[in-house]
Amino acid sequence: MTFKELQQYFQSELAPIYPKDETQSLFQIMVMEFLGLDRIALRSSIDLPLKKDDENRLKDLAAVLLTGKPYQQILGKAAFYRLEFLVNEHVLIPRPETEELVELALSTLTSASNSSLSLVDIGTGSGAIPIVLKKHLPLAEIHALDVSEKALEVAKANALALQCPIHFHLMDVLQEPLPQNFDVIVSNPPYIGLDEQRAINQSVKDFEPRLALFSPTNDPLLFYKRIAALVETQLNPGGYLFLEINQKLGPQTLELYTGRLSKLDLIKDLSGNDRFIVGKK
Ligand SMILES: C[S@@+](CC[C@H](N)C(=O)[O-])C[C@H]1O[C@@H](n2cnc3c(N)ncnc32)[C@H](O)[C@@H]1O
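Each residue of the sequence shown is one higher than the one before, counting from 82 in the working numbering.
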């Protein structure tokens, strides 16, 4: 079988769950990662036959992709804000919207006068948010917490691999206070209510951790209510808040913070959806 024939095989095998464009890029990603060919080498080999072992390997990968498993979990890594993070089934694959959240935080904090501020990321998952922030704010004292021990293992491995000293805490933010008061609170908490589950893509439900996606109750704003209380008690005066939110609940989420912060904005993501709340105490 030639590379071109294998590409066609990917297309027809994955057609039930992926559009054509995506099967093309999945094929390229798998060839690059597992056979070590870059795009240019693939282009010049497209009419050449593969070794039988390589053909079988790629066909096996197509079968795994057909289960809906995200390719980042197959590779064990995901790109985020120009860095590479280890990921597995215990952490949410960091999303492009979250890169925008980090960008919003950095654009405010790098120009803030005191760069030695203290910051906490609530529900850190892979640790992508605090690690990128630490890379860009080296003097900041950065903390990150999660209720999932397995997620924290991944976050700690990422912090070690990317050489970012971060204070990690295993804790349930719905039950316990933050370990100290902070100048900055950042969070992308679970924001899907249990009754919204049916609308979520099956592959996300099958392969990404429920703990990362769903509020433990029918209230999709549960974590935002808790964070609003923490803003009152544990965010230092003059401190900042950066939140990723459920796009369907922009005004309702904003309402929770109204009167608690001196500056407050609801910000859209690049797709035009209500996606972030930025505030200053
Ligand atoms: C939407 S994921 C965000 C992960 C990561 N920050 C990101 O943006 O890619 C939410 C995270 O919150 C954690 N979490 C869920 N319930 C929690 C709780 N009660 N206390 C602390 N963390 C919690 C989950 O384990 C998950 O890692």
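Here a beta-carbon is modelled for each residue, glycine too, at the ideal position from N, C-alpha and C.
The Cβ atoms of D350 and E180 lie no closer than 7 Å to each other. In the DSSP assignment, N317 falls within the unbroken beta strand (DSSP E) covering L316 to E325.
From the listed residues A242, G331 and A186, the smallest Cα separation to F323 is found for A186.
The bridge partners DSSP lists for P130 are T83.
Shortest gap from the CB of G204 to any heavy atom of ligand 1: under 6 Å. Shown here, A221 sits in coil according to DSSP, grouped into three states, outside any helix or strand. Collapsing the DSSP output to three states places E114 in a helix. Exposure of R291 is indicated by the presence of fewer than 16 other C-beta atoms within 10 angstroms of its C-beta. Judged by beta-carbon spacing, Y305 lies within the 7 Å limit of L337, meaning their Cβ atoms are closer than that value. Contact check for I127 and K85: beta-carbon distance about 5 Å, within the 8 Å limit, so the pair qualifies. In the displayed model, E165 falls within a strand according to three-state DSSP. Here the alpha carbons of N169 and F288 stand approximately 9 Å from one another.
Straight-line spacing of the CA atoms in L302 and V112 works out to 42 Å. In this model, S106 and P211 are separated by some 29 Å (Cα to Cα). Proximity of the beta carbon of N269 to ligand 1 is indicated: a heavy atom of the ligand is located closer than 6 Å.
Contiguous alpha helix (DSSP H) elements confined to the region 231 to 298 occur at 283 to 288 and 291 to 294, taking only those with 4 or more residues. Taking C-beta atoms under 8 Å as the contact rule, L95 and T83 fail to qualify, at a distance of about 18 Å. Counted as a single uninterrupted DSSP element, the stretch harbouring G331 is not any beta strand (DSSP E) but the alpha helix (DSSP H) occupying residues G331 to Y338.
Between S207 and F249, the CB-CB gap reaches or exceeds 7 Å. Between the C-alpha atoms of T298 and L131 there is a straight-line separation of about 51 Å.
Contact between the region 271 to 284 and the region 223 to 230 is absent, with fewer than three C-beta pairs closer than 8 Å.
Put simply, the backbone Cα of V145 is about 15 Å away from that of L87. Here DSSP, grouped into helix, strand and coil, assigns K150 to coil. Rounded to the nearest angstrom, the gap between the Cα atoms of S199 and T334 is 25 Å. Residue environment: K133 is assigned as exposed (fewer than 16 neighbouring CB atoms within 10 Å of its CB, all protein chains considered).
For V359, the enclosing beta strand (DSSP E) stretches over residues D355 to K361. I110 sits close to Y152, with the two beta carbons spaced by under 7 Å. Distance from the CA atom of N327 to the CA atom of A280, rounded to whole angstroms, is 13 Å.
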